[in-house]
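Numbering (full-length UniProt numbering), first residue to last: 1 to 203.
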């Protein structure tokens with residue numbers, strides 16, 4: 001089994017490996033400040049393209065749902081980048097009006113492609129329009145939020161605090177519908193919702 005990125009190994013820690021939602025392409029991104037795309041053919045896995053973000057070690061990168069953009073956040077930055085794959089341009093989002101954060105690192109994209117959820121450093125959850133990257137609303141959990149997940153229909157958000165509390169938000173009204181404690185949790189780290197919307201896994 002050949003490495004997917006054999007034509008360009010990362011010079012530092014890899015933080016993202018993701019398949020394109022529709023094409024036979026895999027993306028890698030990491031602390032070497034680069035995002036690379038590879039055609040997966042199982043033979044050579046040729047590199048399609050690499051983009052370099054100067055002075056921007058990448059914390060997380062994700063394809064948009066339509067596969068036309070890559071969003072990348074940094075390890076110690078309040079800005080993020082959008083790579084327009086169709087136009088070939090790299091767009092810096094220097095400031096989101098209404099979002100006051102020292103760092104913007106973790107984020108999620110809604111399954112329907114409408115929203116981007118930025119996780120703040122003090123329990124704040126910033127809901128952005130995926131199309132405009134403008135702030136729609138801000139929600140807040142008790143303590144520090146460590147992970148969030150949209151439901152498959154994008155109607156709700158599950159957010160998980162470091163203290164082990166799970167908050168369920170209605171995306172349309174941005175109101176907290178319910179919260180519960182993950183009994184036995186030592187420190188909340190990650191959360192996921194099953195595709196049939198029947199189960200939540202957190203730990």
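For glycine and all other residues, C-beta sits at the position ideal for the given N, C-alpha and C.
Since the structure is predicted, the reported quantities are computational estimates derived from the model, not experimental observations.
Each residue's CA atom was taken as its position, placing residue 180 and residue 167 some 7 Å apart.
By the Cβ test, the stretch 186–199 is not in contact with the stretch 122–141, since fewer than three Cβ pairs between them sit closer than 8 Å. Listed as beta-bridge partners of residue 49 by DSSP are 37. Inter-residue distance for residue 126 and residue 110 is about 13 Å (C-alpha atoms, whole angstroms). With contacts defined by Cβ atoms closer than 9 Å, residue 60 and residue 78 do not form a contacting pair. For residue 16, the uninterrupted beta strand (DSSP E) run begins and ends at 14–19, by DSSP. In this structure, 18 is the residue among 101, 18 and 52 with its C-alpha nearest to the C-alpha of residue 62.
Residues of the same chain with a CB within less than 6 Å of the CB of residue 124, apart from the 5 flanking positions on each side, are 138 and 140 in chain order.
In terms of Cβ geometry, residue 37 and residue 22 do not form a close pair [threshold 9 Å]. Relative to the Cα of residue 187, the nearest Cα in the group 55, 145 and 8 belongs to 145. Taking C-beta separations shorter than 8 Å and ignoring five residues to either side along the sequence, the partners of residue 56 in its chain run 33, 72, 74, 77 and 81, following chain order. Here the alpha carbons of residue 103 and residue 165 stand approximately 23 Å from one another.
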